[in-house]
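Novice: Attaching a single structure in structure tokens format; questions to follow.
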Amino acid sequence: MSMPVPLFAAVGTIHGCPINIIRRRNAYFKVSSSMDHHNLPKVKSNSLRVLEWDKLCHSVASFARTSLGRQATKGQLWSLDQTFQESLRLLQETNAAILMHNHDSFNLDLTSVDLALVESAIKHARRGLPLDANEAMALLSLLQFVEALQLSLKAAIKQDSDCYKQFMPLSEMITQLVVNRSIIKLIQQVIDEDGSVKDSASSALKKARDQVRTLERKLHQLMDKLIRNETKEAALMVASSVDGRWCISSGTDQPTGFKGLLLSSGSGSIIEPLAAVPLNDELQQARALVAKAEANVLLMVTEKIQMDLDDIEKSLRTAIQLDMIYARATYSLSYGGTYPNIFLPEDIDGPLMAEPYRSKDKTSQASNPKKEWIFYLPKAYHPLLLQQHREKLSTARKNVRSAAAEIRRRKMQAENMAVKGEAEIDLSSLQKQVRALEEAPPVPVDFFISQKTRVLVITGPNTGGKTICLKTIGLAAMMAKSGLHVLSSESAKVPWFDFVFADIGDEQSLSQSLSTFSGHLKQISEIQSQSTRRSLVLLDEVGAGTNPLEGAALGMSLLESFARSGALLTIATTHHGELKTLKYSNDAFENACMEFDEENFKPTYKILWGVPGRSNAINIAERLGVPSTIVDNARELYGAASAEIDEVIMDMETYKQKFQELIKESRHYLTMSRDLHEKLLVSRRKLQDLGAQQRYKKMRELSEAAAVARSTLHKKVRQLRTSTMKQSQLSKASKRKLANNYKHATAVENESQGTNMSSSSIQVIKQPQSEKNTELPKVGDTVHVSSLGKRATVLKVDTSKEEIVVQAGIMKLKLKATDVQR
């Protein structure tokens with residue numbers, strides 16, 4: 002036996018079987034510390050923490066069906082080290098898995114396969130140790146899963162040859178796997194479904210187990226006999242197995258009528274009868290033989306597996322990768338994700354390096370201004386908020402069902418009316434909770450950022466949703482990069498970012514982690530030093546936490562620095578009004594604000610693009626009943642110019658809202674016109690298809706009628722030819738008969754010696770000849786053709802041959818003159 006080596010390491014031979022293994026550095030298998038924040042620089046780990054990326058990783062990984070798949074999914078998502086091409090491939094894998102799911106003939110669910118046991122089996126096989134039965138069954142499940150996938154793919158390709166390309170790259174992954182059918186058959190032959198080795202696995206095993214069963218039967222009979230002989234204490238005695246040896250347990254310490262070895266005493270006693278000692282010894286030996294025979298069978302299975310260990314390891318790795326892809330796909334299906342069109346931009350002043358990848362499903366073909374926007378994310382949801390809302394709604398609905406079931410139970414048990422009334426009140430309250438959750442889903446936000454924008458400044462009131470917007474766009478960018486669909490209403494256009502840096506005073510996070518002003522500045526400084534021209538930077542409340550004037554000046558300087566030489570895109574939220582003015586002096590800046598409902602005094606969590614935000618504090622104070630003297634004094638202190646600016650901003654917001662409503666209405670009509678156009682195209686295609694079908698039907702009917710006519714004509718021609726031949730034969734027979742009659746008449750004349758009689762006879766005999774020389778019809782005459790039973794017109798007359806050509810309908814016939822009648 003070879004020396005023990007680590008899993009997947011190279012070894013020389015195992016039981017004489019050469020094994021050549023190349024160690025693969027696959028990050029998906031390095032999952033023990035994959036979510037460790039220390040694996041990343043502090044500025045990056047802090048960014049991921051405040052964006053709550055680890056929670057989203059856990060959420061997606063929960064859709065994997067195996068423990069190794071969940072760990073690998075977390076590792077792959079957390080790393081965020083994909084290149085642009087790798088991100089494209091991950092998205093293609095996710096999309097292919099969704100298409101396979103919708104095809105209904107593929108099963109990527111690995112619930113039935115214990116990949117951890119398969120990994121353990123490979124480890125044991127590489128060390129030359131025999132597999133146990135459970136490991137062999139796990140390996141069998143893996144091979145059967147791969148084989149079923151390959152058969153499903155072949156069947157789909159046979160039905161539609163485009164399926165191979167449609168399911169790429171998964172189809173390539175699946176077809177490259179090798180499954181040895183002989184291993185499947187071997188394991189099925191020797192191991193039962195419950196994980197035990199079958200009696201038929203070997204003759205030695207069957208013989209040993211038969212011996213065990215025989216000895217156990219003898220021991221049971223012996224124990225029953227001994228207990229029956231103990232008439233006084235029989236009810237308190239029972240036969241049991243202790244450490245593999247059959248004994249008699251007694252509820253008392255009273256002496257027994259049989260001799261034996263006392264194994265324990267106290268409140269009762271356990272005795273091995275002396276008569277059972279030899280049988281127990283034999284039973285132990287027989288069980289040892291069973292264990293040895295089972296080990297030999299499993300060793301034989303292991304040696305067979307070792308010959309295909311490379312292919313089995315590849316199947317294991319592919320299965321883990323498929324489980325990761327399955328997790329991403331089912332997450333997207335569960336939350337209604339859409340395929341993001343990612344692209345790799347050059348420096349902001351240059352053109353785009355690559356056009357967005359086009360998905361093959363309909364959602365990716367949605368019309369959007371691809372040339373105008375660098376970031377196009379319509380109606381995007383924050384994934385964790387959406388998950389939280391769904392979980393709350395699911396729990397509330399479950400509580401309603403439980404309360405309704407409890408009311409039904411109480412009615413059936415006829416409990417008092419007061420108790421039933423309380424239960425119905427509880428049910429009504431729970432139903433209101435469900436309705437409240439259904440009527441208040443998370444609000445999606447729109448991100449339409451033009452290509453010329455380098456810095457976006459978002460303003461708005463506290464709790465207005467600014468931080469959620471930052472997290473939403475950051476999570477969407479990371480989801481697209483790591484192969485996940487984004488939670489958007491339609492196909493999104495997302496740049497590929499090398500990393501998403503964030504500095505967020507995460508007061509809305511569950512962790513309630515607060516940072517000081519100096520901590521924020523340190524984080525921003527590190528972000529500026531590590532971000533590149535392909536990075537996304539998210540800054541929450543930039544310049545906050547210090548003197549407002551100094552904070553505003555510092556915020557303006559930081560943002561201008563990012564605009565000059567910083568990240569590809571920087572998005573910052575702020576309360577400082579001075580930052581709103583940067584747009585009017587630098588084209589690289591853009592403003593947006595969180596919409597606020599003036600009538601209901603609450604934020605709408607929607608973004609107004611191109612409009613700077615304004616302060617609502619004084620107006621809110623006035624509407625909340627603060628004395629007018631205080632409000633008026635505040636307005637005077639705030640300044641008339643500022644008030645006028647706020648009024649202008651308010652008018653701009655009003656016009657903006659009206660404009661958005663008009664855009665929404667125009668989009669509605671545009672959608673209706675597109676639907677109508679699509680229906681018209683479908684109707685036109687249907688009409689064209691119907692016309693083609695009708696033409697084909699008419700042509701087929703004409704062809705069938707022509708075929709019938711040709712068949713009838715050929716039949717009539719054959720009948721006419723047959724009739725002509727018969728007429729010819731009859732004419733010849735008639736001539737012979739006339740000749741015979743003439744000879745006979747001549748003989749009669751010679752014998753009768755009467756000249757008059759002879760002359761008369763000759764006259765009678767020549768009568769038919771005179772009829773034969775009847776006058777031929779002329780061209781244009783109408784004659785009756787007896788063979789056809791029809792009238793025909795004479796077209797040609799051949800007097801020398803006494804033949805005529807006639808036309809009957811569409812048929813032209815050449816006949817003897819004797820074959821027709823006038």
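Sequential numbering of the sequence shown, starting at 2, is according to my numbering. Ideal placement from N, C-alpha and C gives every residue a C-beta, glycine not left out.
1) Taking the alpha carbon of A126 as the point to measure from, which residue in K199, M308, Q160, L154 has its own alpha carbon closest?
2) According to the neighbour-count rule (16 or more other Cβ atoms, all chains shown, within 10 Å of its Cβ), is E173 buried or exposed?
3) With DSSP collapsed to three states, give me the class of G475.
4) Do you know whose CA, among A276, I271, L220, Q189, lies nearest L299's CA?
5) In whole angstroms, what separates the C-alpha of S451 from that of I572?
6) Just to check my reading of the structure: F146 and A320 have Cβ atoms closer than 8 Å, yes? What is that Cβ distance to the nearest angstrom?
7) If you compare alpha carbons, which of I459, K433, V456, A381 is closest to V444?
8) Do you know whose CA, among D110, R246, A503, L140, lies nearest K124's CA?
9) According to DSSP, is R359 part of a helix, a strand, or is it coil?
10) What does DSSP give as the partner residues of G261 in its beta bridges?
11) Tell me the residue span of the alpha helix (DSSP H) that contains P384.
12) What span of residues does the alpha helix (DSSP H) with E136 cover, start to end?
13) Residue range of the alpha helix (DSSP H) that S172 falls in?
14) Express the C-alpha separation of M479 and N463 in angstroms, rounding to a whole number.
15) Which residues bound the beta strand (DSSP E) around P549?
16) Helix, strand or coil, according to DSSP, for R722 in the structure here?
17) So I459 and T574 are in contact, right, with Cβ under 8 Å, and what is the actual spacing, rounded?
18) Considering E217, what are the terminal residues of the beta strand (DSSP E) in which it resides?
19) Please tell me whether A209 and A287 are closer than 7 Å, where the distance is taken between their beta carbons.
20) Under the three-state reduction of DSSP, which class applies to E623: helix, strand or coil?
21) Rounding to the nearest angstrom, what Cα-Cα distance links G466 and L52 in this structure?
22) Would you tell me roughly how many angstroms separate the C-alpha atoms of I158 and M101, rounded to the nearest one?
23) Does Q834 come out as helix, strand or coil in the three-state DSSP assignment?
24) For the beta strand (DSSP E) that contains A593, what are its first and last residues?
25) With a 10 Å radius around its C-beta and 16 neighbouring C-beta atoms as the bar for buried, classify D350 as buried or exposed.
26) Could you pull the DSSP bridge partners for A809 from this structure?
27) Taking the Cβ atom as the reference point for each residue, do L428 and A404 lie within a distance shorter than 7 Å?
28) Where do the ends of the beta strand (DSSP E) carrying L610 lie?
29) Specify the secondary structure class of M308 as computed by DSSP and reduced to three states.
30) Check the C-beta distance from S113 over to S142 and give it rounded, since I have them as a contact under 8 Å.
31) If you reduce the DSSP assignment to three classes, tell me which class W54 lands in.
32) Pull up the distance between the alpha-carbon of K815 and that of E705, whole angstroms please.
33) Taking the beta strand (DSSP E) that I459 belongs to, which residues open and close that run?
34) I want to know whether the segment 57 to 70 touches the segment 315 to 332 - three or more CB-CB distances under 8 Å.
35) To the nearest angstrom, how far is the alpha carbon of K185 from that of D193?
36) Does S451 come out as helix, strand or coil in the three-state DSSP assignment?
Specialist: Short version:
1) M308
2) exposed
3) helix
4) Q189
5) 13 Å
6) 7 Å
7) Comparing alpha-carbon positions, the option among I459, K433, V456, A381 lying closest to V444 turns out to be A381.
8) L140
9) The predicted position of R359 is uncertain, since its pLDDT is 39 and thus under 50; a value taken from the coordinates is nonetheless stated next. R359 falls in the coil class under three-state DSSP.
10) P274
11) Per DSSP, P384 belongs to the alpha helix (DSSP H) from 384 to 413.
12) 134 to 160
13) 171 to 176
14) Spanning the two alpha carbons is a distance of roughly 26 Å.
15) Careful: P549 lies outside any beta strand (DSSP E), inside the alpha helix (DSSP H) at 549 to 566.
16) helix
17) 5 Å
18) Counting along the chain, E217 falls outside any beta strand (DSSP E), though it belongs to the alpha helix (DSSP H) covering 204 to 230.
19) yes
20) helix
21) 14 Å
22) In this structure, the CA atom of I158 is about 12 Å from the CA atom of M101.
23) In the structure as shown, the chain begins at 2 and stops at 823. Residue 834 is therefore absent and cannot be evaluated.
24) Taken as a continuous stretch (DSSP letters only), the beta strand (DSSP E) holding A593 covers 590 to 598.
25) Legend: pLDDT at D350 = 41, less than 50; position of this residue unreliable, value from coordinates given subsequently. With fewer than 16 other Cβ atoms within 10 Å, it is exposed.
26) Beta-bridge partners assigned by DSSP to A809: M812.
27) yes
28) Strictly speaking, residue 610 in this sequence is Trp, with Leu absent from that position. Counting along the chain, W610 sits inside the beta strand (DSSP E) bounded by residues 603 to 610.
29) coil
30) 6 Å
31) helix
32) Approximately 29 Å between the Cα atoms of the pair.
33) First-last of the beta strand (DSSP E) with I459: 456 to 460.
34) yes
35) One detail in the question is off: residue 185 reads as Ile in this sequence, not Lys. I185 and D193: Cα-Cα distance of roughly 13 Å.
36) strand
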